[in-house]
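2 protein chains.
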Amino acid sequence: MPSSLQPASITHVSLGDRSYDIHVTSGAAGDFAERVTRAVPDLTHAVIVSDEAVLSDWAAPLAKDIADRGIRVSSLSIPSGESSKSIAQFDRLMQWMLSENCDRRSVLIAVGGGVIGDLAGFAAASFTRGIRFVQVPTTLLAMVDSSVGGKTGINLPGAKNMVGAFWQPSLVLADTDVLGTLPERSFLSGLAEVVKYGVIDDAPFFGWLEANATKLVARDQDALRHAISASCQSKASVVGADERETSGRRAILNYGHTFAHAIEATAGYGTLLHGEAVSIGMQMAARLAIALKLCDAGLLDRQTRLLEACQLPVTLASADVDAMLPVMMKDKKVAHGKLRFVLPTKIGHVKLVDEVDESLVRDAIHNCA
Amino acid sequence: MPSSLQPASITHVSLGDRSYDIHVTSGAAGDFAERVTRAVPDLTHAVIVSDEAVLSDWAAPLAKDIADRGIRVSSLSIPSGESSKSIAQFDRLMQWMLSENCDRRSVLIAVGGGVIGDLAGFAAASFTRGIRFVQVPTTLLAMVDSSVGGKTGINLPGAKNMVGAFWQPSLVLADTDVLGTLPERSFLSGLAEVVKYGVIDDAPFFGWLEANATKLVARDQDALRHAISASCQSKASVVGADERETSGRRAILNYGHTFAHAIEATAGYGTLLHGEAVSIGMQMAARLAIALKLCDAGLLDRQTRLLEACQLPVTLASADVDAMLPVMMKDKKVAHGKLRFVLPTKIGHVKLVDEVDESLVRDAIHNCA
């Protein structure tokens, strides 16, 4: 049991009594148990819910390290994939936690990608009306997006994240080692959200990404730590200003996502990875912004080149606009049937635009075909 | 559409930006739509979820009054009974809300007893990670207990309220008229929670109850308004001091409930009404307090006489102590397997007692047979 910790880049998410830290490390998984026990007082029962794909390499060693400290551990692995974000899987998880004698003092540790974090986070929010939880994201997408900010949830048929809670973790532990074995498509998909932070919030970071895309694609550890930390800092500042998505500020994180959710829903969940849909969605949003004269074509050019350097798709030949539009009307960012978009004005800046003409939305989708 | 409102006894629940009012009225259901629109800004879509038992007399007229103001209304009725507090019913409710194009600005109005309020409240807490909601309790139990304080939730097999959220309503509207048609057993059951407030928090109110039990049992409207308001004031002060049941203060509301939940679970949900189980549970708790020398036998005598005057059961011949104990060990008030009870020291005062000897718990149950 190490009592000293390896170096970490730590980002603080400032939310009053719900504040917490994000630790970004490389090769430091061996001290995760120590980090958990330091951040979570009175840990006597750890409930580890993991993606079955990372069970043996990541969840099982963490479970052993925690158990070695004399702490009771319950472990469950869940199938990878969006279909696990269902009410049926939520039901099974709740019943399993009950059978494991979980109570309000138990701490849930989610080890996996966004699917596991969202499902387990909602389980933590709901079991006995809320228990503490820790996120151990094992995909790039989860590290830079879903594990930070407290959004948890599951899907309904045809509508993503429709059921859930805002429930903040007590700690987020991200180690770049786990990305080494991530399938190529999944890894690259995560870069879409990284690019997003550059567009919406951080022009210098966008420039850094343009200079370092090759290193990132090659999974250079130093470059990854920087990209993950910078992304988390952007997200932390936005979430700290608008935890529950009420002021409009947090909505900027949805850049590209109104399109992306409609792409995912109409292509069938799982056909495209989330980040791939976000990449295409950002292209649609940028085209819509140009049509609305909010930005010039140069923004789209830079965004296109960076996404392509990250080996992400920038077009979708099969986009079904007639199927996508009704889904977009049901998006949570819609206020009673009026389409609302997050659109860029220049690199590093976006604005919320309400009541966009439907024909312009159709054109933006068509022009990405 | 009345622009002036009939008199109401109003109790304020003070919870910062989650504060709200409880209106207790008699014969004022005709102005509920006006009260809702005053308390809930920007109401454009009302989602009315009602107990099918009160659909025609209460939910339908309220739906019409709201629709007459040009506000879109979606209505759904749900079967009465504890079995509706299931994940399956929650799933159906979520999918129905999606099909009705609910969004984050929709407002859910729960019209019914505790089952509807708990289920619909959890739906409000979870749909798109939380929408506003209004409680219109139609049973005495819901008026004095479940509609106030933000506890929402559903059951797992063998464990009540195991899945849920703390989610405060924007308004609670209770009119004593609806109690006129309540079945006798259901009505009397609600009086158990009323008696509870006297024991745990308000000795003068306990005295008032002793003097007015006959009027209450006869459903005298003035007596009911006073009893409901006094109960809500006790609950509001406790909830205001400990919204999420973290400091221990809110736990006092569970007087009798650790026993009651075990009674309900082992007798099969629905065999005994919740209030009947609470009545017996308070008797078990008082006997346990006497065994622990926390109070004298006079407290049990007064409590017994008042509960009997309210025509509530004070014994349970069929109590199965061997079945009840394991359930009590899973109670949410248990901290990692240590039994914890709320026990009276004198009328109007209770304390939390940890690590009670199991044999004393067995005796308390046996002595109520």
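Residue numbers (this note's numbering), protein chains in the order written: chain A, 1 to 369; chain B, 1001 to 1369. Each residue gets a CB set at the ideal place from its N, CA and C atoms; glycine is no exception.
- Proximity to residue 1048 (chain B) across B:1297, B:1159, B:1242, B:1096 peaks at B:1096, based on C-alpha coordinates.
- Under DSSP, the beta-bridge partners assigned to residue 1164 (chain B) are B:1153.
- Two segments are said to touch when three or more pairs of C-beta atoms, one from each, lie closer than 8 Å; by this definition the stretch 1163 to 1171 of chain B touches the stretch 1030 to 1039 of chain B.
- Of all residues in the stretch 1074 to 1107 of chain B, only 1087, 1091, 1094, 1095, 1098, 1101, 1103, 1104, 1105 place a beta-carbon less than 7 Å from a beta-carbon of chain A.
- Of the candidates B:1117, B:1249, B:1065, the residue whose Cα lies closest to the Cα of residue 1350 (chain B) is B:1249.
- For residue 10 (chain A), the beta-bridge partners assigned by DSSP are A:23.
- Here DSSP, grouped into helix, strand and coil, assigns residue 1290 (chain B) to helix.
- Under DSSP, residue 353 (chain A) forms a beta bridge with A:341.
- Collapsing the DSSP output to three states places residue 131 (chain A) in coil.
- In the DSSP secondary-structure assignment, residue 1078 (chain B) is bridged to B:1051.
- A distance below 8 Å separates the beta carbons of residue 112 (chain A) and residue 51 (chain A).
- The three-state reading of DSSP puts residue 1317 (chain B) in coil, since its state is none of H, G, I, E or B.
- Residue 1170 (chain B) has a beta carbon lying at 8 Å or more from every beta carbon in chain A.
- Using a Cβ distance threshold of 8 Å, residue 1255 (chain B) and residue 1282 (chain B) count as a contacting pair.
- Interface residue (Cβ-Cβ distance to chain A less than 8 Å): residue 1266 (chain B) is not classified as such.
- According to DSSP, residue pairing for residue 137 (chain A) in a beta bridge involves A:112.
- Nearest to residue 1232 (chain B) by alpha-carbon distance, out of B:1103, B:1253, B:1313, is B:1253.
- Residue-level contact check: residue 133 (chain A) does not touch chain B, since none of the beta carbons of chain B fall below 8 Å from its beta carbon.
- Here the stretch 126 to 136 of chain A does not lie against the stretch 236 to 247 of chain A, with fewer than 3 beta-carbon pairs under 8 Å apart.
- Residue 1008 (chain B) places its beta carbon less than 8 Å from that of residue 1025 (chain B).
- Scanning chain B for C-beta atoms nearer than 8 Å to the C-beta of residue 241 (chain A) yields nothing, as the closest lies near 16 Å away.
- It is roughly 8 Å from the alpha-carbon of residue 1339 (chain B) to the alpha-carbon of residue 1357 (chain B).
- Residues of the stretch 1191 to 1211 of chain B with a C-beta atom less than 7 Å from some C-beta of chain A do not occur.
- Under the 8 Å criterion on CB atoms, residue 1258 (chain B) is classed as non-interfacial with respect to chain A.
- The beta carbons of residue 212 (chain A) and residue 223 (chain A) sit closer together than 8 Å.
- Per DSSP, reduced to three states, the secondary structure at residue 242 (chain A) is coil, with no helix or strand assignment.
- Residue 312 (chain A) sits in coil when the DSSP states are folded into three classes, being neither helix nor strand.
- In the DSSP secondary-structure assignment, residue 1175 (chain B) is bridged to B:1025.
- Burial state of residue 184 (chain A) is exposed, judged by a 10 Å Cβ sphere holding fewer than 16 other Cβ atoms.
- Under the rule that a run must span 4 or more residues, the alpha helix (DSSP H) segments found entirely inside the stretch 194 to 281 of chain A read 203 to 217, 221 to 241, 257 to 267.
- Where residue 61 (chain A) is concerned, the enclosing alpha helix (DSSP H) starts and stops at 60 to 67.
- Residue pairing of residue 1035 (chain B) in beta bridges, as defined by DSSP: absent, with no partner found.
- When DSSP states are grouped into helix, strand and coil, residue 364 (chain A) belongs to the helix group.
- No Cβ of chain B is located within less than 8 Å of the beta carbon of residue 323 (chain A).
- Across the structure, residue 346 (chain A) and residue 355 (chain A) are spaced so that their CA atoms are roughly 21 Å apart.
- A check of alpha carbon separations from residue 220 (chain A) across A:204, A:207, A:178 identifies A:178 as the nearest.
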